[in-house]
Structure formats: structure tokens, C-alpha cells
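These notes are about the structure you will find just below.
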Amino acid sequence: MKLQHYLGGLESLGPVSTETRVFVEEWEKRIFGIHTAMMALSSQLPLPATPSAFRTVWTWADLRKGAEAMNPFDYFKYRYYEKWLGGICGYFVANGYITEEELEARTAEYYADPDKPLPQDSAAPAAGTTIDQRVERYLMEGDSPKSDLDIAPAFKEGDAVHIRNVPSIVHTRLPGFLRNRSGVVETVYPGAYGYLTDTGTDGIGAPMPVYCVRFAVEELWPGNTEPNVTLYADLYATYVATAA
């Protein structure tokens, strides 16, 4: 990606965090829970119907687009789940669940009094009802990008290919360091795969073949790699073109 959300292959970015804990602070669990509930309520899986007022579709791509829309200086300043929170808040504002002014006012209230009780919805269903059941089933079953469509791949194993330099105005699944590079198809995965939502400009959305492409790292980063190292990348067909 050319966006700041993907840093692979970039140099001189300073020290890299080696934090291994999934959740460093308690509030991060709440952000993950909100995201998971939004995913479950958006899912097209045959899950229990719920009385939720959540009426739109939320996907991983929405979360990532929200993070990538941040000013790059802010992006590098905030923690992982703070970026999630920014993406979620932006989504709720954009879809009319709350106004920016209402969100700012509510935020100011809790800055002034962090111990203030959270608002309670008198109409909210009790624990263990259909919303909980839907979220629990979603966590067990998840979403799959695999499609039932039978789409013939354009390349076969061993074919030399060139990686396109697709637009990246919004979220894309192509690592920036592979743009305009050449590789060899290592594996053609059976079936066709889509993305959870159309990414906008780079061609992902509808199901398509996916390839594992092999790259020689000395060609990716000349003069700055260890010898005899190979990199493999799973790439959607829209990114893969015939070698010149």
C-alpha cells in the first residue's frame, strides 16, 4: 500500500514495537467488542434476528479505511485501538447515527468526569438474548471471502508475472513494495475470492482468482537483503499482469 496503514518494506521508520499482548489496557477490549458486534450485526450469515437499531453494513475494509483516512502524523501518534475507535466514530457520524457535535459533547463530558456511568438504554435486551447469540455465532463461524463462482485463472504455476501499480486513493490490499515488480506464480488457489467490500479504485470487490507469487528479495530491495531469501505474497488477480 502507499497509505500509512501498511508499513512493510519501508525503511528508517525508527524503533519497532515488540508488544505481544493483545489488549494492553481494559478499554481496548471494549473497542474490540464494539467492532465485533458491528460485524456480527452486518453479517449475511444465517444468524439469529435481533432488535438492534444498527441498520448499515460494517466490514474490515470500513475499519481500515477509517484508520487510513487519518492525518499520517496522527496515525503514527495513536495506539492501535485508538485508530479503531477513530474509524468506528467516523463511520457512525457518516451514517447518521450521531452528529459530530453530539460526539464531541459526549466526549467532553467523559473527559471532565471519567467515572461518570455509561448511558443505559432502557429498551436494550437482557444479556443472553439474540444479540449475544448472534455475536457468539459470528465469532465461531466468521466471514469467508471464498465464493462459489468458478472463474478460470489467467495464469498457471510457473508463469512469470508483473505486479500492477494500482490507484490507492482509498484502502488497497497490494503491498507498496511489490508495485511494478516481477515475480513467478508459485500457487494458483482453487476457487475465487472477493473482499468484504469494494475497496474503491484498485479493482477488488467481486470474486476473482488469487495467486501466491514468488519474489526474489534482492530484486525488491537491491543491496539491502540477505542472500538466498525468497518472499511469497498472496495477491488478488486484479493486481497480477502478464510479464513484459
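When we follow this note's numbering, the leftmost residue of the sequence shown carries the number -3, and every step to the right adds one. By construction, the Cβ of each residue, glycine as well, lies at the ideal position given by its N, Cα and C atoms. Note that this is a predicted model, so its numbers are computed, not measured.
Just to check my reading of the structure: residue i and residue j have Cβ atoms closer than 8 Å, yes? What is that Cβ distance to the nearest angstrom?
i, j, result
"V213", "I159", "With a Cβ gap of about 14 Å, V213 and I159 do not count as contacting."
"Y228", "C208", "6 Å"
"I27", "L81", "5 Å"
"E24", "Y74", "Not quite, the Cβ-Cβ distance comes to about 12 Å (not below 8 Å), so this is no contact."
Is it true that the CB of residue j sits closer than 8 Å to the CB of residue i?
i, j, result
"V181", "V206", "no"
"L192", "Y134", "no"
"A63", "K79", "yes"
"V162", "G190", "no"
"A239", "S178", "yes"
"L174", "F211", "yes"
"I30", "I84", "yes"
How would you call residue i, buried or exposed, if buried means at least 16 neighbouring beta carbons within 10 angstroms?
i, result
"A45", "exposed"
"S39", "buried"
"A148", "exposed"
"P203", "buried"
"V131", "buried"
"I94", "exposed"
"L145", "exposed"
If you drop the 5 nearest sequence neighbours on each side, which residues of the same chain put their C-beta closer than 8 Å to that of residue i?
i, result
"N91", "T52"
"T234", "R160, V162, D198, G199, I200, M204"
Would residue i pass as an interface residue toward chain C - the criterion being a Cβ-Cβ separation below 8 Å?
i, result
"C208", "Absent from the structure is chain C; it holds one protein chain and no more."
Given residue i, which residues of its chain have a CB within under 7 Å of its CB, disregarding the five upstream and five downstream residues?
i, result
"R165", "Note that residue 165 corresponds to Ile in the displayed sequence, not to Arg. Contacts found: G196, T197."
"Y87", "W54, D58, G62"
"K112", "E105, Y106"
Got a sec? Which residues, its chain only, sit under 6 Å from residue i by beta carbon, not counting five neighbours each side?
i, result
"L37", "S48, F50"
"D194", "G201"
Going by the C-beta, is residue i closer than 7 Å to any heavy atom of the ligand MN?
i, result
"L170", "Among the components of this structure there are no ligands whatsoever, and the ligand MN is therefore not found."
Whole runs of the alpha helix (DSSP H) within the segment 75 to 134, excluding any shorter than 4 residues: 76 to 90, 96 to 108
Uninterrupted alpha helix (DSSP H) stretches inside the segment 8 to 61 (no shorter than 4 residues): 22 to 38
Any alpha helix (DSSP H) of 4 or more consecutive residues that is wholly inside the segment 181 to 229: 213 to 216
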